[in-house]
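*Asks:* The structure under discussion is supplied below as structure tokens; questions concerning it will follow.
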Amino acid sequence: MTLAQLQSFVLVARHGSVKAAAAELEVTEPAVSVAVAALRKELGDELFVREGRGIALTPGGRRLAALASEILGLAEQARRSVHDSPGAARRMQVVATSLVAEHVGPLIEAFTARDEGLEIAVEAVPGPEFGDLLEHPRADIALGPPPGPERSAIASAPFLRCRLVVVAAPGHPLAGAREVAPAALAAERWLAGEPELDPTTGTGLFLARNGLEPADVATYSSQAAAIAAAAAGEGIALTLARSVVEEVRRRALVRLDVRGTPAAELWHASTLGLGRALPAALALQRFATTSDAAQAISTGRAGAVSTRVRPKVHVTLWRSVADEIDARGGQR
Numbered sequence: 011m012t013l014a015q016l017q018s019f020v021l022v023a024r025h026g027s028v029k030a031a032a033a034e035l036e037v038t039e040p041a042v043s044v045a046v047a048a049l050r051k052e053l054g055d056e057l058f059v060r061e062g063r064g065i066a067l068t069p070g071g072r073r074l075a076a077l078a079s080e081i082l083g084l085a086e087q088a089r090r091s092v093h094d095s096p097g098a099a100r101r102m103q104v105v106a107t108s109l110v111a112e113h114v115g116p117l118i119e120a121f122t123a124r125d126e127g128l129e130i131a132v133e134a135v136p137g138p139e140f141g142d143l144l145e146h147p148r149a150d151i152a153l154g155p156p157p158g159p160e161r162s163a164i165a166s167a168p169f170l171r172c173r174l175v176v177v178a179a180p181g182h183p184l185a186g187a188r189e190v191a192p193a194a195l196a197a198e199r200w201l202a203g204e205p206e207l208d209p210t211t212g213t214g215l216f217l218a219r220n221g222l223e224p225a226d227v228a229t230y231s232s233q234a235a236a237i238a239a240a241a242a243g244e245g246i247a248l249t250l251a252r253s254v255v256e257e258v259r260r261r262a263l264v265r266l267d268v269r270g271t272p273a274a275e276l277w278h279a280s281t282l283g284l285g286r287a288l289p290a291a292l293a294l295q296r297f298a299t300t301s302d303a304a305q306a307i308s309t310g311r312a313g314a315v316s317t318r319v320r321p322k323v324h325v326t327l328w329r330s331v332a333d334e335i336d337a338r339g340g341q342r
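Per this note's numbering: the sequence shown = residues 11 to 342.
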């Protein structure tokens, strides 16, 4: 039994497809099939059987999938332990939803200021991917929605309660209207600050909760770009109340009085359980729940990054807002 065989099986079990597992591993489908066949022979269990267009795990396959994920996680910890050396920079991978990634920079900066030897990369990913990324593991900590109660190996701690409001340009027809029903927004053009709608957070979650399926949804690389587009009269946007205080004060934007808003959203910091999580990830999880962290987020500038923090997400989040709006205008 090898780690490569276990990894192939875990991905087949996760995706329900040999083809998808091969694509993620960047190998051929026969290579994945051979690895799984070796496990079947050694363990004396089919592990999974064909069911319709997908697969169904056998009881033994379900047990192996859980244990294999843990084994792969321990192997990754061993690899890091061997490569870490005194004086060398330690690295931690953070994943977050697009909205959280855009606003969590000040928190990350405050945390790394306490540990000069730690380098952090932040990547924006959809909330539904958190569980797999943590258990695989390809991420050390996830910031955003909790992965869910079925992920018993993952521990989540709430760290920030946010208020989301719907905003539009002052000339919008619904500006000044009272008690607007969410259903009245179905025909509006929605502006979302994420490459694709995430059903676990922000605009995607609001639309799902209210049973809305708008025909026109424009997605942007950042919430800042979506807010700027709303101010330009391009449509309406659901955003953090604190992120548009100045625009509302200047009357560049107005808050629409939509029933059910401000909507509350609770952000969580999630890691593997004690004994499996990276110590730095546990430290960041604890720090995120402190008053110092809340203060950093409330007073810091969205997207702020220090030279010690290397969040990949900010490369795309903070391209020119004007350029993006111009590009959108050219497509219409």
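Quick reminder that beta carbons are idealized off the backbone N, C-alpha and C, glycines included.
If you follow the alpha helix (DSSP H) that HIS113 is in, where does it begin and where does it stop?
*Replies:* Unbroken alpha helix (DSSP H) run through HIS113: 108-113.
*Asks:* Checking 7 Å against the spacing of the C-beta atoms, do THR229 and PRO192 come in under that value?
*Replies:* Taking 7 Å as the Cβ cut-off, THR229 and PRO192 do not qualify as a contacting pair.
*Asks:* Relative to the C-alpha of THR107, which residue among LEU248, ALA242, THR211 and LEU292 is closest?
*Replies:* Comparing Cα-Cα distances from THR107 to each of LEU248, ALA242, THR211 and LEU292, the minimum goes to THR211.
*Asks:* Given GLY71, which residues of its chain have a CB within under 6 Å of its CB, disregarding the five upstream and five downstream residues?
*Replies:* The residues are LEU57 and PHE58.
*Asks:* Does the Cβ-Cβ distance between VAL177 and PRO272 come in under 7 Å?
*Replies:* No, these two residues do not count as a Cβ contact at 7 Å.
*Asks:* Looking at ALA78: is its Cβ nearer than 7 Å to the Cβ of LEU16?
*Replies:* The answer is yes: Cβ separation under 7 Å.
*Asks:* Taking one C-beta from the stretch 245-256 and one from the stretch 124-137 each time, how about it: are there three or more such pairs within less than 8 Å?
*Replies:* No contact exists between the stretch 245-256 and the stretch 124-137.
*Asks:* Measuring CB to CB, does PHE169 end up less than 7 Å from ALA23?
*Replies:* Result no, Cβ atoms of PHE169 and ALA23 do not sit closer than 7 Å.
*Asks:* On the DSSP bridge assignment, give the partners of LEU250 in chain order.
*Replies:* LEU250 is bridged to LEU174.
*Asks:* Where do the ends of the alpha helix (DSSP H) carrying GLY154 lie?
*Replies:* Counting along the chain, GLY154 falls outside any alpha helix (DSSP H), though it belongs to the beta strand (DSSP E) covering 151-154.
*Asks:* Taking DSSP as the reference, what is the three-state secondary structure of VAL135?
*Replies:* It is coil, neither helix nor strand.
*Asks:* Identify which residue in GLU52, THR68, ALA123 and GLU198 has its Cα closest to the Cα of ALA306.
*Replies:* Among GLU52, THR68, ALA123 and GLU198, the Cα nearest to that of ALA306 is on ALA123.
*Asks:* Label ALA225 either buried or exposed according to how many other C-beta atoms from any shown protein chain fall within 10 Å of its C-beta, with 16 as the threshold for buried.
*Replies:* Exposed.
*Asks:* Taking the beta strand (DSSP E) that ARG60 belongs to, which residues open and close that run?
*Replies:* Where ARG60 is concerned, the enclosing beta strand (DSSP E) stretches over 58-61.
*Asks:* Any chance you could list the beta strand (DSSP E) runs of at least 3 consecutive residues sitting entirely within the stretch 261-316, in chain order?
*Replies:* Counting whole runs of 3 or more residues, the stretch 261-316 contains the beta strand (DSSP E) stretches 273-282.
*Asks:* Please work out which residues of its chain come closer than 7 Å, Cβ to Cβ, to ARG50, disregarding the five sequence neighbours upstream and downstream, and give them in chain order.
*Replies:* Contacts found: GLU56 and LEU57.
*Asks:* Enumerate in chain order the residues of its own chain whose CB-to-CB distance from VAL190 is below 7 Å, with the five nearest sequence positions on each side excluded.
*Replies:* Here the set comprises LEU184, LEU266, ASP267, VAL268 and ARG269.
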